[in-house]
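Here the protein sequences line up with chains G and S, keeping their order.
Numbering-wise (our numbering), the first sequence opens with residue -7 and increments by one.
Numbering-wise (our numbering), the second sequence opens with residue -7 and increments by one.
Please read the structure below before turning to the comments.
There are 2 protein chains.
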Amino acid sequence: MTVRAGANVMNQRSVQRQERLLQALAGGGSLRLADAAMLCGVSEMTLRRDVSSKGSPLMLMGGHLVRRDDPHFSPVYDLETQRDRGVDIKTRLCQRASSYVQDGDTLFIDCGTTLVPMVAELGQRRHLTVVTYALNVANAVSHLDSVRLILLGGLYQGVSQSFDGEDVARQIRSLGINRAFLSAAGVHLERGLSCFHFHEIIPKQAAIETAAQRILVFDDSKWGVLRPAFFGTLSDADIIVTHGEAAAAASASPEIAARVDSPR
Amino acid sequence: MTVRAGANVMNQRSVQRQERLLQALAGGGSLRLADAAMLCGVSEMTLRRDVSSKGSPLMLMGGHLVRRDDPHFSPVYDLETQRDRGVDIKTRLCQRASSYVQDGDTLFIDCGTTLVPMVAELGQRRHLTVVTYALNVANAVSHLDSVRLILLGGLYQGVSQSFDGEDVARQIRSLGINRAFLSAAGVHLERGLSCFHFHEIIPKQAAIETAAQRILVFDDSKWGVLRPAFFGTLSDADIIVTHGEAAAAASASPEIAARVDSPR
DNA sequence: GCACAAATGTTAATTTTCTCACATTAAATG
DNA sequence: CATTTAATGTGAGAAAATTAACATTTGTGC
């Protein structure tokens, strides 16, 4: 049996080299392949092989070595997805969802990848404040000079790129939130809204409880799915932004049909 | 007069295109030049020209468009710098400072750029917890699986990439911090430690007050400098990690000489 | 030490990205 | 509307990165 290039398993030293490079890149940043090779005392080719081996935490971008983001949260545009349907569906959902935002609003933005494209829509608006407990959302918002950012801190939970704070609930309640944009890993007509991680429940429920308007955003891969941590029902959402099968199914339900909003 | 390529001024539409792309990249990540060209409805060459124009917020890495200020992609080693003096001075200071860290420690890491390279040194250590109020530090630490991260949230202050929290002081005091790594924008033998922004004073002082050991890290460009916000004196530091002129001058002072630690 | 396999180095071919010069188009000006 | 200028497109050649093939070194068990 022949092992194809790029699918090799990593050996001991390969792992050591990559760990060393990961450390060099721990603070973020990129490393020229040539420099990295020098640093490790091996040839560029060896590093190329390390990086192309299965499960490498590094990747190569135009001769520069960078950390490969956790594929689960990869913010990098997926080429296939984009070619297949022009624009990412999450971007379209977020464009639609953001149409509810008004100047001067204070927004709650939930964790996950679904709502990250929302941030791009907020740059034009004036006097916005964004409240979030997600690191990826906070990073995105931090680039917008015109938007105030309030990050609810605490113990970092890598799996969801979010923070588990002591009294998030109290903090959220103490803020005057106009609109809460909520994500969910599972949305079920009868069973309601669920997510993977229990620490997300508290901020989600606090936002549902306190916000003047609740906007649920999810793509149709979440429809009919149940996840371990339940945090609400479909009737908790004032607006439901989704698409495809989920939008069709939700529109068929007399109770929530009026609140469904689907792009295009 | 001939205008050299890459030094052109941006025109109206060029700016619009770049803003649009910046939004697409708001959540981080990269965009293939071809995709970006499609997105903007112009040729790749036009985008190349946009990006190479003076002061563009974007840069091109191997055919991929990324935000120039994205810490994920900014080069770790400035080639010139590295060839000139081997390794970045801040990295050297941080390597020295990190030698005080012990397994199981809870560390406070101050804001600014000085202490970011410290994070790279923490990967090997076991059972560490890092407490910080700086977004850039938190991002760096978030990549280390073996280190627990506690981010003290609040209102984001872009100028210092840090958060201004309501009761940071109380939160810091409620944590058992073994070692506080402190930065300063100004260090003066008589006048003590100062920084640019007043909101930094509270967490800094709380850390000084509560930590078992206080380690001040600064490069010699800060020596003899006064900044608006004072937060302590040189005698507040148990260890002073610096170099060059600052190290020499500090070592000449009988009161603090014993606490100065300089790399090499 | 020898035989074998794995890891790494070297070189050349291939592909991709980058740059430059010039053609074309669009906007601005009188 | 003609003329000028700025902006953008196109394609060829140069440079760089990537891949593939093969040579060399290193390590391991016998």
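We put the beta carbon where it would ideally sit given N, CA and C, even for glycine.
One question on the structure: do residue i and residue j come within less than 7 angstroms of each other, judged by their Cβ atoms?
i      : j      : result
V139/G : V122/G : yes
I101/G : V58/G  : no
C187/G : A176/G : yes
D212/G : E247/G : no
H64/S  : M53/G  : no
R9/S   : D42/S  : yes
S22/G  : P67/S  : yes
G184/S : L144/G : no
R171/G : L99/G  : yes
V179/G : V209/G : no
Y148/G : S245/S : no
H191/G : D156/G : yes
A29/S  : S35/S  : yes
A239/G : S254/G : yes
F173/S : I207/S : yes
H189/S : S152/S : yes
V111/G : A132/G : yes
G104/S : H119/S : no
A221/S : I193/S : yes
Output, in chain order, the set of chain G residues within a Cβ distance shorter than 8 angstroms of residue i.
i      : result
G146/S : I142, L143 and G145
G150/S : S134 and D137
A130/S : L127 and Y148
Using beta carbons (cut-off 7 angstroms, strictly below), is residue i in contact with chain G?
i      : result
Q10/S  : no
V217/S : no
A221/S : no
P195/S : no
P67/S  : yes
Closest Cβ-Cβ distance between residue i and chain S: below 7 angstroms?
i      : result
S134/G : yes
G257/G : Residue 257/G lies beyond the stretch modelled for chain G, which goes from -7 to 256, so this question has no answer here.
G54/G  : yes
Q15/G  : yes
G287/G : Residue numbering for chain G in the displayed model covers -7 to 256; residue 287/G lies beyond these limits and cannot be assessed.
T73/G  : Unreliable placement is indicated for T73/G, whose pLDDT of 38 sits below 50; no coordinate value is reported for it.
G78/G  : Per-residue confidence for G78/G stands at a pLDDT of 39, beneath the threshold of 50, marking its modelled position as unreliable; no derived number is given.
Q4/G   : no
Listing by chain order, which chain S residues have their CB less than 7 angstroms from the CB of residue i?
i      : result
G47/G  : Those do not exist, as G47/G stays about 14 angstroms from chain S at its closest Cβ, beyond 7 angstroms.
R251/G : In chain order: nothing, as chain S lies at least about 27 angstroms away.
Mind listing the chain S neighbours of residue i? Cutoff is C-beta to C-beta under 8 angstroms, in chain order.
i      : result
F155/G : L143 and G145
Closer than 9 angstroms by beta-carbon distance: list the chain S residues that pair up with residue i, in chain order.
i      : result
R59/G  : H64 and H135
A177/G : Those do not exist, as A177/G stays about 19 angstroms from chain S at its closest Cβ, beyond 9 angstroms.
Would you mind telling me which residues of chain G sit closer than 7 angstroms to residue i, beta carbon to beta carbon, in chain order?
i      : result
L181/S : Residues of chain G passing the Cβ test: none, with the nearest at roughly 31 angstroms.
Item to check | Inter-stretch contact at 8 angstroms, needing at least 3 Cβ pairs: the segment 218 to 226 of chain S / the segment 122 to 134 of chain S | outcome: By the Cβ rule, the segment 218 to 226 of chain S does not count as touching the segment 122 to 134 of chain S, because fewer than three pairs are nearer than 8 angstroms.
Checklist entry - Is the segment 163 to 182 of chain G touching the segment 161 to 171 of chain S in the sense that three or more CB pairs, one from each, lie closer than 8 angstroms? => result no
Item to check | Any 3 or more C-beta pairs closer than 8 angstroms across the segment 15 to 24 of chain G and the segment 112 to 121 of chain S | outcome: yes
Item to check | At least three beta-carbon pairs within less than 8 angstroms, the segment 197 to 211 of chain G to the segment 201 to 219 of chain S | outcome: no
Next on the checklist: Quick check for students: name the residue ranges of the beta strand (DSSP E) that lie wholly in the segment 115 to 199 of chain S, counting only runs of 3 or more.
Outcome noted: 120 to 124, 139 to 143, 146 to 149, 154 to 156, 171 to 174, 178 to 180 and 184 to 187
Next on the checklist: Threshold first: 4 residues or longer. Then list the alpha helix (DSSP H) segments lying entirely within the segment 78 to 104 of chain S, N to C.
Outcome noted: 81 to 90
Checklist entry - Where are the alpha helix (DSSP H) runs, 4 residues long or more, that stay fully inside the segment -1 to 38 of chain G, in chain order? => result 4 to 16 and 25 to 32
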